[in-house]
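Residue numbers (the numbering used here): 1 to 139.
Single-structure report; data block below.
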């Protein structure tokens, strides 16, 4: 049950990142002239991420079925959610990795836009987790 819950959280995090990246890439695609070769690159990257979202959403449905069934038979808490915070160190590691990847990619490329989006999302998550940890120690 714990493994399914952790995987569900990870799947949810990745879906949110991918959906955010899709939105940013779609905005970039809207501003790209029809004659620009980047337009085809953007469309291909969007398709790739959309396929990943579909696979992730199918996996998430399977996992939610598993955790719901486990909770109903008493193997887990019916009130538990997947909205628990990850450790600050885990978030920081993901943030640093996303920034490292972004810096290695070509400026303006769809891949760099996606990596920068992920880095920003991890930065925001880090801020929330840091504030929550500080509040917990002050209490």
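Ideal Cβ positions, reconstructed from N, Cα and C, are used throughout, including at glycine.
Does residue i pass the burial test, meaning 16 or more other C-beta atoms within 10 Å, or should it be called exposed?
{"i": "residue 117", "result": "buried"}
{"i": "residue 67", "result": "buried"}
{"i": "residue 33", "result": "exposed"}
{"i": "residue 130", "result": "exposed"}
{"i": "residue 37", "result": "exposed"}
{"i": "residue 8", "result": "buried"}
{"i": "residue 114", "result": "buried"}
{"i": "residue 21", "result": "buried"}
{"i": "residue 142", "result": "Missing from the structure shown is residue 142; the chain here goes from 1 to 139 and no further."}
{"i": "residue 125", "result": "buried"}
{"i": "residue 81", "result": "exposed"}
Could you check what DSSP says for residue i in three-state terms: helix, strand or coil?
{"i": "residue 37", "result": "coil"}
{"i": "residue 11", "result": "helix"}
{"i": "residue 107", "result": "coil"}
{"i": "residue 73", "result": "coil"}
{"i": "residue 86", "result": "coil"}
{"i": "residue 80", "result": "coil"}
Going by the CB atoms, is the gap between residue j and residue i shorter than 9 Å?
{"i": "residue 112", "j": "residue 105", "result": "yes"}
{"i": "residue 74", "j": "residue 5", "result": "no"}
{"i": "residue 15", "j": "residue 57", "result": "yes"}
{"i": "residue 102", "j": "residue 122", "result": "no"}
{"i": "residue 110", "j": "residue 42", "result": "yes"}
{"i": "residue 53", "j": "residue 18", "result": "yes"}
Measuring from the CB of residue i, is there a heavy atom of the ligand FMN at a distance below 8 Å?
{"i": "residue 28", "result": "Judged by which ligands are present, the structure shown has none, so any question about the ligand FMN falls away."}
Completely contained alpha helix (DSSP H) runs for the region 18-68, where each covers 4 or more residues: none
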